[in-house]
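Worksheet: one structure, shown below.
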Amino acid sequence: MKATFNVLGVAGSTRHGSYSAQTLNIALGYSKKYGAEVRLLEVGRLPIYDPNAPASTEVEQAASAVVWANAIILASPDYHGSMSGALKNLLDHFYEEFAGKLFGYIVASHEKGLTVMDQMRTAVRQCYGWSMPYGVSINGPQDISGGKIVNTRLSNRLQMMSRDLVVYGKLVEGQFERDLESSEQDTFAAHYRR
Ligand SMILES: Cc1cc2nc3c(=O)[nH]c(=O)nc-3n(C[C@H](O)[C@H](O)[C@H](O)COP(=O)(O)O)c2cc1C
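For what it's worth, our numbering labels the leading residue of the sequence shown as 1, then goes sequentially.
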């Protein structure tokens, strides 16, 4: 088990001044307050997933951040009701690395971004990751100003999500680690033993 509880924030927008990235930064600040170590991963420079591509520094750095993480926050813009291609590309690079980790979700959308969250959840579920039962949707122009969330209800919800991610993430991670170390066969973690 890792000595610290590590939360990785994945910024899925490449837009300068991205609202989802600003919200993610605030969430990482809250997670830190609840005792987590935090890191930010920007996915814009990651090459398109190609199983035949030679190793690259960008992919190695992303891999090391994903392996380091105990829990992950995915932040995406709403693009046509889906996550950004850049974020989906990051997810395509990994699979087993996501297993047993808890994921939280942030979407920048003008329409609540629920379909975006559903799609992120689906991708995470396919990799045996766990998902927070709720997420945070931000409507940038009206909810954020000067790098701060001006909507108090939303700000409280983001703080709650950051807190829950750390608290529940520790439970999920702790049990997954115990299952990895045990010899019990009837657990999904048994598949990931080396
Ligand atoms: C290609 C594209 C598609 C978009 N599709 C939607 C959409 O379906 N629904 C929506 O509410 N906003 C949509 N938007 C608006 C963005 O979600 C919105 O500007 C958001 O703040 C972008 O996230 P960011 O600030 O993190 O970059 C779209 C924007 C782009 C560029």
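From the three backbone atoms N, C-alpha and C, an ideal C-beta is built for every residue, glycine too.
### Query
Under three-state DSSP, which class holds V7?
strand
### Query
What's the call for L171, buried or exposed, on a 16-neighbour Cβ count within 10 Å?
Counting Cβ neighbours within 10 Å, L171 comes out exposed, since fewer than 16 surround it.
### Query
With L158 and M132 assumed to form a contact (beta carbons below 8 angstroms), what rounded beta-carbon distance in angstroms separates them?
Not confirmed; about 12 angstroms, so no contact.
### Query
Assuming P77 and S155 make a contact with CB atoms under 8 angstroms, what is their CB distance in whole Å?
No, P77 and S155 are not in contact; Cβ-Cβ is about 20 angstroms, not under 8 angstroms.
### Task
Would you grab the beta carbon distance between A231 and A36 for me? Rounded to a whole angstrom, and I think it's under 8 angstroms.
There is simply no residue 231 to check, as the chain begins at 1 and stops at 194 in what is shown.
### Task
Tell me P77's beta-bridge partners as DSSP assigns them.
In the DSSP output, where bridge partners are listed per residue, P77 has A108.
### Task
Starting from V136, follow the beta strand (DSSP E) in both directions and report where the run begins and ends.
136-138
### Query
Under 6 angstroms from any heavy atom of ligand 1, does the C-beta of A86 make it?
no
### Message
Does E184 come out as helix, strand or coil in the three-state DSSP assignment?
### Response
In the displayed model, E184 falls within coil according to three-state DSSP, outside both helix and strand.
### Task
Return the chain-ordered list of same chain residues with a C-beta closer than 7 angstroms to the C-beta of S84, the five sequence neighbours on each side being excluded.
G12, S13, S76, P77
### Task
Kindly provide the ranges of any alpha helix (DSSP H) runs that are 4 or more residues long and lie completely inside the segment 117-151, ordered along the chain.
140-143
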